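Since the structure comes first, as structure tokens, the remarks are kept for the end.
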Amino acid sequence: RETTTRMTAEMSITTSEYTTGDVLYQVTDGIATITLNRPAQRNALSVAAATRLHSLWGEVDADPSVRVLVLDAAECGTFCAGMDLKEAAEIRRTRGVDILDVLPDPFYERMRAVRKPIIAAMTGHFAAGGMVLSLNADLRVGLAGTRGGITEAKVGRGSPWGVPLLWMIPQPILMELTLTAEMMSIERLHQLGFVNYVEPTVQAVRDRALALAGRIRDNAPLSVMAGKESILRAMTLGCDGGLASAKQLYKRVYASDDAQEGPRAFAEKRAPRWTGK
């Protein structure tokens, strides 16, 4: 791991990098990038990769220099093929347990609790665990001509993690994805509103994701985090409960220094200097 720090007139920027391994991590100018790095295995999630992801969610939340996260993958035609089924079979054969029993967070629930916004730069096909990562992100950018799906029924596995999709796509579509285990085109998923943008090339996917990340990074961090949390809470609480919860969440935002800095910067015709306080 290599770490450097530089100062600007407006904020301290930390750049951190993990340059080897199944999962790469980098922070530059307030934008963290996690890259799945198993192209020979179609970026399938090994136990080591899943464990590393679990620790990174906490690292992202704990680092005040990180304002937003982009989840990327090594280019191989597949963003993430899901669980490493060969490793799963080997764990069952040698240890007599299911692979889920050795994972720290088998359904990636910690990812859903990350306070910073997550953008999935889906550089290829995505299925099973790849769909988990996609739906647990807050914004999604897909690659034209690719497909995504919930393929567990084809290999005798399960998809309890798919329940939040009821708030993202129509119920009959979720039934189709879950019961047929067939892949659906990214263009169709875009039409349904699950995917924010579809781009023609891998580089365009990454460029779009980074552009979105830059816009989020430049906004008031307390407002951004409260916005994400209030929307996710409302999925559980419903309209009335969600509204009440959101008003409580935003109290800290309205009472912050940033709430005064924004109007002041507007009046002075300059970029705001957010402190997150």
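If you read the sequence shown in our numbering, its first letter stands for residue -6, the second for the next number, and so on. C-beta: ideal position from N, C-alpha, C; glycine also. Owing to the predicted nature of the structure, the values given are computational and were not obtained by experimental measurement.
Could you check which residue in G151, V246, I27, D251 has the C-alpha nearest to that of M322? There is no way to answer for residue 322, as the model of the chain reaches only from -6 to 270.
- How far does the beta strand (DSSP E) with G135 in it reach, from first residue to last? 132 to 136
Closest to D211 by C-alpha separation, out of L17, S58, A174, V40, would be which residue?
S58
Notebook entry, point to check: Does the Cβ-Cβ distance between P110 and V217 come in under 9 angstroms?
Noted result: yes
message = One question on the structure: do R245 and G235 come within less than 9 angstroms of each other, judged by their Cβ atoms?
response = no
(Q) When you compare the CB positions of G138 and F72, do they come within less than 9 angstroms of one another, or not? (A) no
What are the boundary residues of the beta strand (DSSP E) that A25 is part of? 24 to 29
Given this structure, state the Cα-to-Cα distance separating D56 from S178, to the nearest angstrom.
36 angstroms
task: Starting from the N-terminal side, write out each stretch of the alpha helix (DSSP H) that is 4 residues or longer and does not extend beyond the stretch 101 to 135.
output: 102 to 105, 122 to 129
Quiz item: Considering only residues of the same chain and omitting the five flanking positions on each side of V195, which have a CB-CB separation below 7 angstroms?
Solution: E68, T116, L136
Can you tell which of L170, A206, G89 has the C-alpha that lies nearest to the C-alpha of A130? A206
Measure the alpha-carbon distance for V61 versus A113 and round it to whole angstroms. 11 angstroms
- Query: With burial defined as no fewer than 16 other Cβ atoms inside 10 Å of the residue's Cβ, what is the status of D65: buried or exposed?
  - Reply: buried
Tell me, please, which residues DSSP counts as bridged to E192. L136
By Cβ distance, which residues of its chain are closer than 8 angstroms to V95, with the 5 residues on each side in sequence left out? V40, I84, R88
>> Below 8 angstroms, how does it come out for the stretch 248 to 264 and the stretch 180 to 187: are there three or more Cβ pairs, yes or no?
In response: no
>> I need the DSSP call for G89, collapsed to helix, strand or coil.
In response: coil
Is the separation between the beta-carbon of V53 and that of A82 shorter than 9 angstroms? no
- Which one of A106, A37, A219, P256 has the shortest CA to CA distance from S238? A219
query: For C73, which residues does DSSP report across the bridge?
result: F119
Spatially closest choice to V156 from G149, P165, V148, by CA coordinates: P165
Considering V95, what are the terminal residues of the alpha helix (DSSP H) in which it resides?
Looking at the DSSP string, V95 is not in any alpha helix (DSSP H), and its letter there is neither H nor E.
For a quick check, are the C-beta atoms of L78 and V125 less than 9 angstroms apart?
no
How big is the Cα-Cα spacing for L172 and V16?
31 angstroms
TODO: Determine the DSSP secondary structure at S178, reduced to helix, strand or coil.
DONE: strand
Quiz prompt | Sequence-distant residues of the same chain with beta carbon closer than 8 angstroms to R150, five excluded per side | solution = M76, A121
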